[in-house]
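A.B. asks:
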Amino acid sequence: MKIGFIGLGHMGSAMAANLVKAGHDVTVFNRSAEKRRALLELGAHEAVRIVDACQGEVVITMLADDTAATQIALAEDGVVANLAKGAIHLSMSTISVALSGELAQAHAKAGQRFVAAPVFGRPDMAAAAKLFIVTAGDPAAVGECKPIFDALGQKTVPIGTEPSAANLVKLSGNFLLASVIEALGEAIALVGKAGIDRHAYVDLLTSTIFPAPPYKTYGGLIAETKFEPAAFAAPLGYKDIRLTLTAAESLRVPMPLASLLRDRFLRLFAQGGDSLDWSAIGGLATQDAGGTRLSAL
Ligand SMILES: NC(=O)c1ccc[n+]([C@@H]2O[C@H](COP(=O)([O-])OP(=O)(O)OC[C@H]3O[C@@H](n4cnc5c(N)ncnc54)[C@H](OP(=O)(O)O)[C@@H]3O)[C@@H](O)[C@H]2O)c1
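Just add 157 to wherever you are in the sequence shown, counting from 1, and you've got my numbering.
1) Under the criterion of a Cβ to heavy atom distance below 7 Å, does A255 qualify as lining ligand 1?
2) Secondary structure at I252, three-state DSSP: helix, strand or coil?
3) Classify E385 as helix, strand or coil using the three-state DSSP reduction.
4) Looking only at its chain, what residues have a beta carbon closer than 6 Å to the beta carbon of K127, apart from the 5 residues adjacent to it on each side?
5) Tell me the rounded alpha-carbon separation between S136 and F186.
6) Give me whichever residues DSSP pairs with K312 in a beta bridge.
7) Can you name the start and end residues of the alpha helix (DSSP H) that D420 belongs to?
8) Looking at the secondary structure, which residues open and close the beta strand (DSSP E) in which G394 lies?
9) For A283, which residues of its own chain have a beta-carbon under 7 Å away from its beta-carbon, when the five flanking residues on both sides are left out?
10) Evaluate G310 with the Cβ neighbour count: other Cβ atoms within 10 Å of its Cβ, from every protein chain shown; 16 or more gives buried, anything less gives exposed.
11) Give me the Cα-Cα distance between A437 and A267, rounded to the nearest whole angstrom.
12) Looking at ligand 1, does it come within less than 7 Å of T224, judged from the CB to the closest heavy atom?
13) Report the rounded CA-to-CA distance for D420 versus G213, giving the unit in angstroms.
14) Are the region 177–184 and the region 204–220 touching by the rule of at least three beta carbon pairs closer than 8 Å?
15) When DSSP builds the beta bridges, which residues end up paired with K159?
16) Using alpha carbons as the reference points, say which of G352, T292, L347 and A346 lies closest to L325.
17) Exposed or buried, what is A265 when buried is set at 16 or more other beta-carbons lying within 10 Å of its beta-carbon?
18) Could you check the C-alpha separation between E203 and A357 for me, to the nearest Å?
19) For ligand 1, is there a heavy atom less than 7 Å away from the beta-carbon of F332?
20) In its own chain, which residues sit with a C-beta less than 8 Å from the C-beta of D234, not counting the 5 before and 5 after it?
21) So what does DSSP say about I438, is it helix, strand or coil?
22) State the Cα-Cα distance for the pair G317 and V276, rounded to the nearest angstrom.
23) By Cβ distance, which residues of its chain are closer than 6 Å to I290, with the 5 residues on each side in sequence left out?
24) If you drop the 5 nearest sequence neighbours on each side, which residues of the same chain put their C-beta closer than 8 Å to that of S378?
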């Protein structure tokens, strides 16, 4: 397929590389031009402006947040202004439910199609083409994107025809992951302070009652107090909890645990933890118990 790819951060650079490796004709754009270089060496074409990435059947965006997605998609020289009629904007970023709805409307008005396909999996899973992809949008448009999903992920799950449904599901999943991180942090602080080996404890949990990947990944990082380098930066995790709470507010759904998580992120940032991985909120309980300080703080 002829594909444009916009946003070559931790996730996007690995995803765009997999599309090139799968044989697609990929044109890449990133705000900071130096991040395009590695992709060009792999065989991608360079987009110097957003319009250059909008010449194919599909343009994928993998951007940090709502501000970035708005600037790239809705600006005068952005995606909506440049995409051909009938072409697809495949939004894979974790953005708000409201912005997803706004983008769907803007593309429909311009005679284009909009599919939301946010992902689960950190950059190592993106590099291994093992992402889990949640899709929502017009089934025909979602179907046309299948070769892209096949090149990026291990499983693709359609969740509805309204694109924003995929964004809400993604946010709910990240709320659950952050809850796991906080809960693991508290449990590890408890047993660790009693002198029990933290790694042995995580091994015990993940080989018995909690054999799920997030417990293994985050349990290991918390046991080791290893929150750098950030594979998923704490400000992006905070963004997801805030977007979850915004969606919860508009649906009138009380989420007390999400409110608590918001404050845990604020506590991390108040101490200068902005550059750490989001799993660093799982280190706060140990610190509260008088244990090791987080390395960057
Ligand atoms: N990392 C993970 O584990 C993970 C997992 C699943 C989903 N996600 C989601 O995937 C998305 C990307 O995450 P990431 O970890 O790849 O983030 P990242 O490494 O911080 O990359 C962010 C990308 O957005 C661009 N960007 C930021 N602000 C911009 C603006 N105002 N205008 C234009 N471009 C802008 C950046 O461009 P520059 O290079 O110029 O800064 C970069 O290409 C986020 O929505 C995140 O929540 C992340």
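Every residue gets a Cβ at the ideal spot worked out from N, C-alpha and C, and that includes glycine.
C.D. replies: Well, looking at it:
1) no
2) coil
3) coil
4) Residue 127 lies beyond the stretch modelled for the chain, which goes from 158 to 454, so this question has no answer here.
5) Beyond the ends of the chain as shown, which are 158 and 454, falls residue 136; an answer cannot be given.
6) F289
7) P413 to A427
8) G394 -> not in any beta strand (DSSP E); alpha helix (DSSP H) instead, spanning A391 to L408.
9) M168, A171 and M172
10) buried
11) 43 Å
12) yes
13) 43 Å
14) yes
15) D182
16) T292
17) exposed
18) 48 Å
19) no
20) R206, I207 and V208
21) helix
22) 15 Å
23) A274, V276, F306, G310 and T313
24) Per the sequence shown, residue 378 should be read as Leu rather than Ser. So the list reads F384, D434, S436 and G439, once near-sequence residues are dropped.
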